[in-house]
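J.: Dumping the structure here so I can ask a few things about it.
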Amino acid sequence: MNNAQFSILQSLKFVKYRKRYNKFLIEGKRLIQSALNSNFDIGPLYCSDTFKNENSEWIKTNLNDKKKLIIIKNKQLLNISNTKSPSGIISSCSIPKEKNLHLKQKKWLYLDKISNPGNMGTLMRSAAWFGISNIALSPYCVDPYNPKTVRSAMGAHFNISIHTNINLNVFVDSHSIIAGNSNGKNIISFSFPKKCVLVLGNEAHGISKKNKKFIKENISINKLGVGESLNVSSAGAIFLYLLSNNINN
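Residue 57 is where the sequence shown starts when you use my numbering, and the numbers rise one by one after that.
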């Protein structure tokens, strides 16, 4: 690894440089494997000598001649990684060019000013699991390629389409807009329309004021025990399950 390569990888912790180089970090065997199995453009693979010695079978099975491993020092890994205990293997992927919004797609997840990268990643992971492959992000959402988001998403980035800086009103004429809200209809008695957008709001402030006028229905999850509220990623997983199955139709 030369100094220029090291400098670029190290800078990808920050959104400014992810945008400049159009790349994001991936770290760990699972993410590397997911990237290799996708159509994403993946950069050189860097690992520690220890990782190579301890993972010879994984390397043989998953890399073959696809990618050559480049051994780097542990100190370099620590400086590149966004974690205190690096997994031993790291690379970068090119951020894919965003596709045009295909409003013929029936089911969408819309995230309104989600600010926590862990929540963003977990919601992406849940969406991918339940087959909701189109995600639209409002302006002022956390960067979907933040290292914490990428780790939390557990490879979902390679199986979903992410659309950033999307205003909710683009869906008004084509979809029913349904919002997860603590004051909404009980989800048990609600039937999702066949063509709809599920909106989840900011962790602290909920759905933004300018988007409330586009909401057709508000839905909520009935509390059966104790607690003030559900985390947005926990509530989102329940909503996404019901949305994906149209369980009430």
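Just so you know, even glycine gets a beta-carbon here, dropped at the ideal spot from N, CA and C.
Let me check one thing: in DSSP terms, what residues is residue 255 bridge-paired to?
T.: By one-based count along the sequence shown, residue 255 stands at place 199. In the DSSP output, where bridge partners are listed per residue, residue 255 has 166 and 235.
J.: Just tell me which of 208, 125 and 263 has its CA closest to the CA of residue 224.
T.: Looking up residue 224 in the sequence shown gives position 168. Measuring from the Cα of residue 224, the nearest candidate turns out to be 263.
J.: Taking three-plus beta-carbon pairs below 8 Å as touching, is the stretch 153-161 in contact with the stretch 212-223?
T.: Contact between the stretch 153-161 and the stretch 212-223 is present, because at least three Cβ pairs lie under 8 Å.
J.: What residues in its chain sit with their C-beta under 6 Å from that of residue 241, if we drop five residues either side in the sequence?
T.: By 1-based counting over the sequence shown, the position of residue 241 is 185. Once the five neighbours on either side are set aside, the close Cβ partners of residue 241 are 275.
J.: From the DSSP output, read off the bridge partner residues of residue 101.
T.: Numbered from 1 along the sequence shown, position 45 holds the residue referred to as residue 101. 125, per the DSSP bridge assignment.
J.: What whole-angstrom Cβ distance do residue 128 and residue 57 have, given they're in contact under 8 Å?
T.: Position 72 of the sequence shown holds residue 128. Position 1 of the sequence shown holds residue 57. Yes, they are in contact, since the Cβ atoms of residue 128 and residue 57 sit about 5 Å apart, within 8 Å.
J.: What is the rounded straight-line gap between the Cα of residue 256 and the Cα of residue 61?
T.: As a position in the sequence shown, residue 256 is number 200, starting the count at 1. As a position in the sequence shown, residue 61 is number 5, starting the count at 1. Looking at the two C-alpha atoms, the distance is approximately 38 Å.
J.: Would the beta-carbon of residue 143 fall within 8 Å of that of residue 84?
T.: For the purposes of this step, residue 143 is taken as the residue at position 87 of the sequence shown. For the purposes of this step, residue 84 is taken as the residue at position 28 of the sequence shown. Result yes, Cβ atoms of residue 143 and residue 84 sit closer than 8 Å.
J.: With residue 148 as the anchor, note down where its alpha helix (DSSP H) starts and where it stops.
T.: One-based indexing of the sequence shown puts residue 148 at position 92. That residue, residue 148, is in no alpha helix (DSSP H); its beta strand (DSSP E) goes 145-150.
J.: Quick one: what's residue 79 bridged to in DSSP?
T.: As a first step, residue 79 must be located in the sequence shown, where it is residue number 23. 150, per the DSSP bridge assignment.
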